[in-house]
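Here the sequence shown stands for residues -19 to -1, 1 to 291, numbered as in mature numbering (1 follows the signal peptide of the UniProt record, and there is no 0).
The beta-carbon is built from N, C-alpha and C at its ideal position, and this holds for glycine as well.
A short worksheet on the structure shown next.
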Amino acid sequence: MGRKYGIAAVLMSAMLGMAACGGGGGSTGGNPLDTSSAAPSGSASGGGGGKAVIGSFDFDESVLLGSIYAQALEAKGVQVTEKPRIGSREAVFDQVKSGGLTIVPEYNGNLLAFVDLKNTAATTDEVNTALKEKLPAELEVLDSSPAEDKDSLSISKDTQTKQSLNTMEDLAKVSKSFVVGGPPEFKKRWEARFKEVYGIEFKEWKPTGPTTSDAIKDGTIQVGNVFTTDPKMTANNLVPLQDPKNIFPAQNVTPLLYKAGATDTIKTTLNAVSAKLTTQSLMDMMQKISVNKDEPATVAKEWLTSNGLG
């Protein structure tokens, strides 16, 4: 408050002759981008926290991660706009590339498959190295978190027992009699790859979306694309088939950024979030959302506070 009184005194003593100082270090407005105000730790040299538009895909975990990013950045003085549940990667990617979105919580392996479907990188380091080579010049990825949510082809425990299925290689022997479910874009992304790598061909593909786990349980489909952090994996007694040829690469939670819109504050804050985020903490948070029906923003705030990031 003392700083405002000091500025006021200068303006009063100088009267109208000091109008030229309007662009200097004494802004009296509430502009969070005012570079003269006390900048949060880690902000760009000579600049404030910046602005960020954070998007997310159309599923709960992505909305949760977007809220974690948003609240962590707001705590550091970044002016944030959230755009949750935009849609699939096909809908989101170009918006980041064009600068319509500044940040999206991504999964590094699926992002690589999107920009280079034939790439065979499997480990986190391999995937991130490939991403740095393959991403358009407008984009960059920050540090990957240890938290990983992998794609899987999953079946019911009953199907596993009856068919003696443990791996995707086993699945290839019976896949032509199976109906598979997943997100609407699942067939387009993976049909050719499944056939090429494992010889898997399905009887039918159904766009089951967020109901995939339940569809496996009730027998509507025999196999489905279920994320490994989905609480329904355990609740519905599902079994992810082993992937010995690593068709599904590492899937670490990784911020994707529009380079021109990312300040140092944004980068350091998101890297600090990634350093704390683990697979177990992600599973615990998703349990609260999927089973307890807690709001993603509330769960995000609790996690940030408990990790000293809120």
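Could you check which residue in L98, P117 and K64 has the C-alpha nearest to that of residue 292?
An answer regarding residue 292 cannot be provided, because it is not within the stretch -19 to 291 covered by the chain.
In terms of residues, what are the limits of the alpha helix (DSSP H) holding F95?
Judged by DSSP secondary structure, F95 falls within the alpha helix (DSSP H) whose first and last residues are N89 to V96.
Just to confirm my understanding: we take S26, look at its own chain, exclude 5 residues before and 5 after, and list those with CB closer than 6 angstroms. What are they?
Summary for S26: the model assigns pLDDT 30, below 50, so the residue's position carries little reliability, and this model does not support an answer.
Could you give the distance in angstroms between the alpha-carbon of N233 and the alpha-carbon of Y88?
Those two C-alpha atoms are separated by around 5 angstroms.
Who are the Cβ neighbours of G3 in its own chain at under 8 angstroms, not counting the five residues just before and after it?
Reliability fails at G3, whose pLDDT of 32 lies under 50, so the model's placement of it is uncertain and no value is given.
Nonlocal neighbours in the same chain, by C-beta distance under 7 angstroms from F40, ignoring five residues either side
A distance below 7 angstroms between beta-carbons, with the five flanking residues on each side excluded, links F40 to the following residues of its chain, in chain order: P191.
If you follow the beta strand (DSSP E) that G163 is part of, which residue opens it and which one closes it?
Counted as a single uninterrupted DSSP element, the beta strand (DSSP E) harbouring G163 occupies residues V160 to G163.
Candidates N227, V207 and P127: which alpha carbon is nearest A253's?
Closest by alpha carbon: P127.
Would the beta-carbon of K213 fall within 9 angstroms of that of D195?
Contact flag set, yes.
Counterpart residues of V204 in DSSP-defined beta bridges
DSSP lists V161 as the bridge partner or partners of V204.
Spatial neighbours of T209 within its chain, please: CB distance less than 7 angstroms, with the 5 preceding and 5 following residues excluded, ordered by chain position.
For T209, where only same-chain residues beyond five positions count, the Cβ hits under 7 angstroms are D130, K131, S133 and P221.
Using the Cα positions of L152 and V61, report the straight-line distance between them to the nearest angstrom.
The alpha-carbon atoms of L152 and V61 are separated by roughly 45 angstroms.
Measure the beta-carbon distance from A51 to P230 and round it to whole angstroms, keeping in mind my assumption that it falls under 8 angstroms.
Taking a contact as a CB-CB distance under 8 angstroms, the pair A51 and P230 does not count as one, their CB atoms being some 27 angstroms apart.
If you draw a straight line from the C-alpha of D275 to the C-alpha of K143, how long is it?
If I take the Cα positions, the gap works out to 37 angstroms.
Classify residue 293 as buried or exposed, calling it buried when 16 or more other Cβ atoms lie within 10 Å of its own Cβ.
The structure shown does not extend to residue 293, since the chain is modelled only from -19 through 291, so no value can be given for it.
Quick one: is N206 buried, meaning 16 or more other Cβ sit within 10 Å of its Cβ, or exposed?
By the 10 Å Cβ count, N206 comes out buried.
If you count every other CB in all the chains shown that lies within 10 Å of the CB of Q203, and 16 or more means buried, which is it?
Answer is buried; the Cβ neighbour count reaches 16.
Note down, in chain order, each residue of its chain lying with its Cβ closer than 6 angstroms to the Cβ of M264, except the 5 sequence neighbours on either side.
Within the same chain, M264 has close Cβ partners T210.
Residues in its own chain within less than 7 angstroms of T193 by CB, not counting five upstream and five downstream?
The residues are G162, G163, G205, N206 and V207.
Please report the Cβ distance between T73 and F38, rounded to the nearest whole angstrom; I am assuming they are in contact, meaning their Cβ atoms lie under 8 angstroms.
Per the sequence presented here, residue 73 reads as Val, with Thr not at that position. The Cβ separation is near 6 angstroms, so the contact holds.
Helix, strand or coil at L82 according to DSSP, with G and I counted as helix
Correct three-state label for L82: coil.
Grouping DSSP H, G and I as helix and E and B as strand, with all else coil, what is P277?
Annotated three-state conformation of P277 is helix, per DSSP.
Kindly examine the ligand ZN and report whether one of its heavy atoms sits closer than 8 angstroms to the Cβ of S137.
Looking for the ligand ZN in the displayed structure turns up nothing, as the structure carries no ligands at all.
Would you kindly check if the distance between the Cβ of P86 and the Cβ of P236 is under 9 angstroms?
Yes, the Cβ-Cβ distance between P236 and P86 is below 9 angstroms.
Any idea if G36 is buried or exposed, counting beta-carbon neighbours within 10 angstroms, 16 or more meaning buried?
Under this definition G36 is a buried residue.
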